[in-house]
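Have a look at the structure below before the remarks.
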Amino acid sequence: MKFIDRKSKKGDIIIGDVIFLVLNLIFLSILIIFVISKTNDASLLEEKYAKEIALIIDSAKPGMEIHLNMQDAIKKAEKNNLDINSLIEIKENVVHVKLKEKGDYSYSFFNDVSVSNPYLNINNKEEYIFFIEEKK
Amino acid sequence: MIKDKIGAEKTISIYWFAILIIVAAAIVYMVVSVYGQPYDVRQIESDILANNIAGCISEGGYLKEKIINDVEFSENFLEKCNLNFESPDFEKSSGEYYVSIRFQDFNSGNQIGAEIINGNVNLKLACELKGKTNPACSSKSFYVIDKNSQSYRIDIIAIVNKAEKNI
């Protein structure tokens with residue numbers, strides 16, 4: 000009788016440990032998913048690239064050809080079923096970057112130059128190309 | 000004995016979850032504080048603006064012609080320096096940029112000609128205050144000579160606000 004009691008208590012400990020471990024794993028998984036989702040957010044990438052492109056244009060001079068690697072943004076756009084050929088748009092002096100279905104991010108630049116509409120490099124599908132020209 | 004052990008383990012697990020929650024809260028706080036705020040690129044932008052202006056008025060250490068005391072240059076400063084201070088992405092803005100250029104005689108330190116000022120003047124006042132919400136300011140001073148070998152000191156102040164999208 001004593002032996003049976005001890006066995007059942009041992010069993011309780013094992014079940015308790017398993018529940019403890021599972022809860023820990025669930026907790027840590029939620030935390031990791033939260034951190035990854037925050038760091039790979041599409042709106043964050045939109046902001047990063049819109050500002051990066053605006054700063055590149057600001058410091059560029061007419062005649063320059065800019066090659067910009069946007070691998071992570073292209074992957075994100077493909078995941079969101081967007082046309083990767085039209086992720087960047089430049090209207091007047093504002094850069095628009097769109098990586099999700101709803102909305103985009105825009106940032107203006109002060110350099111009064113004409114910028115060709117960025118297009119995807121045929122030889123390297125992770126790279127966008129745009130030209131800086133003098134305003135006519 | 001076994002009962003005591005189970006009790007002790009339960010106590011440890013409560014403390015363990017308390018620690019986990021504290022660690023998780025700290026990680027969430029850090030992630031939100033880092034990734035929840037926009038990238039502040041205004042300082043880089045104002046530095047580029049100051050450099051562009053320096054490149055517009057001088058070339059290879061020489062002052063370009065028709066810059067000092069030239070009414071046409073100061074009136075059409077933005078056009079001459081290929082600058083566009085319109086910001087369509089800031090609808091309610093009264094100007095997100097400010098620039099000023101001052102020319103001084105390098106030897107005497109006296110100001111030569113009129114100061115060239117363009118943009119939102121209010122930004123200059125805010126620039127003198129300290130704080131994260133204030134505009135980003137860049138100042139640049141350099142030495143140039145003209146074709147007659149007269150030396151000048153040029154002081155450029157470039158300010159970028161764009162607080163809405165950077166703070």
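Line by line, the protein sequences are chains A and B.
Using numbering that gives the first Met the number 0, the first residue of the first sequence is number 0, and each one after it goes up by one.
Using numbering that gives the first Met the number 0, the first residue of the second sequence is number 0, and each one after it goes up by one.
Ideal placement from N, C-alpha and C gives every residue a C-beta, glycine not left out.
Any C-beta of chain B under 9 Å from that of residue i
i	result
Val114 (chain A)	no
Ala53 (chain A)	yes
Asn68 (chain A)	no
Lys1 (chain A)	Summary for Lys1 (chain A): the model assigns pLDDT 44, below 50, so the residue's position carries little reliability, and this model does not support an answer.
Phe19 (chain A)	yes
Exposure label - residue i; buried when at least 16 CB within 10 Å
i	result
Gly35 (chain B)	exposed
Met69 (chain A)	buried
Ile87 (chain A)	buried
Glu136 (chain A)	Nothing can be reported for residue 136 (chain A), as the shown portion of chain A is limited to 0 through 135.
Val40 (chain B)	buried
Limits of the alpha helix (DSSP H) - the one that residue i falls within
i	result
Val120 (chain B)	Premise fails: Val120 (chain B) is in no alpha helix (DSSP H) and is neither H nor E.
Asn116 (chain A)	That residue, Asn116 (chain A), is in no alpha helix (DSSP H); it is neither H nor E in DSSP.
Phe76 (chain B)	76-79
Glu77 (chain A)	70-78
Cβ of residue i within 9 Å of any chain A Cβ
i	result
Ser86 (chain B)	yes
Pro37 (chain B)	yes
Lys91 (chain B)	no
Gln149 (chain B)	no
Val31 (chain B)	yes
Ala23 (chain B)	yes
Pick from the options that is closest to residue i, judged by C-alpha positions
i	options	result
Val17 (chain A)	B:Asn75, B:Ile116, B:Ser73, B:Ser12	B:Ser12
Gly60 (chain B)	B:Gln110, B:Gln149, B:Ile166	B:Gln149
Glu95 (chain B)	B:Asn133, B:Gly112, B:Asp69	B:Asn133
Lys139 (chain B)	B:Ile21, B:Ser32, B:Asp104, B:Ser45	B:Ser45
Ser137 (chain B)	B:Lys123, B:Phe89, B:Asp145	B:Lys123
Lys78 (chain A)	A:Ala41, A:Asn123, A:Val114	A:Ala41
Gly108 (chain B)	B:Val27, B:Tyr142, B:Ala125	B:Tyr142
Start-to-end residues for the beta strand (DSSP E) that takes in residue i
i	result
Glu88 (chain A)	87-90
Glu132 (chain A)	126-132
Ile156 (chain B)	150-159
Tyr97 (chain B)	96-104
Lys63 (chain B)	Where Lys63 (chain B) is concerned, there is no enclosing beta strand (DSSP E), given that its DSSP letter is neither H nor E.
For the 8 Å Cβ check, are there 3 or more pairs between the stretch 100-107 of chain B and the stretch 105-122 of chain A? no
May I ask you to verify whether the stretch 48-59 of chain B touches the stretch 147-162 of chain B, counting CB pairs closer than 8 Å and requiring at least 3? yes
Pairs of beta-carbons, one from the stretch 110-117 of chain A and one from the stretch 78-85 of chain B, closer than 8 Å: are there three or more? yes
Inter-stretch contact (C-beta, 8 Å, three-pair minimum) for the stretch 24-31 of chain A and the stretch 15-32 of chain B: yes
Across the stretch 58-67 of chain A and the stretch 88-98 of chain A, are there enough close Cβ pairs to call them in contact, namely three or more that are closer than 8 Å? no
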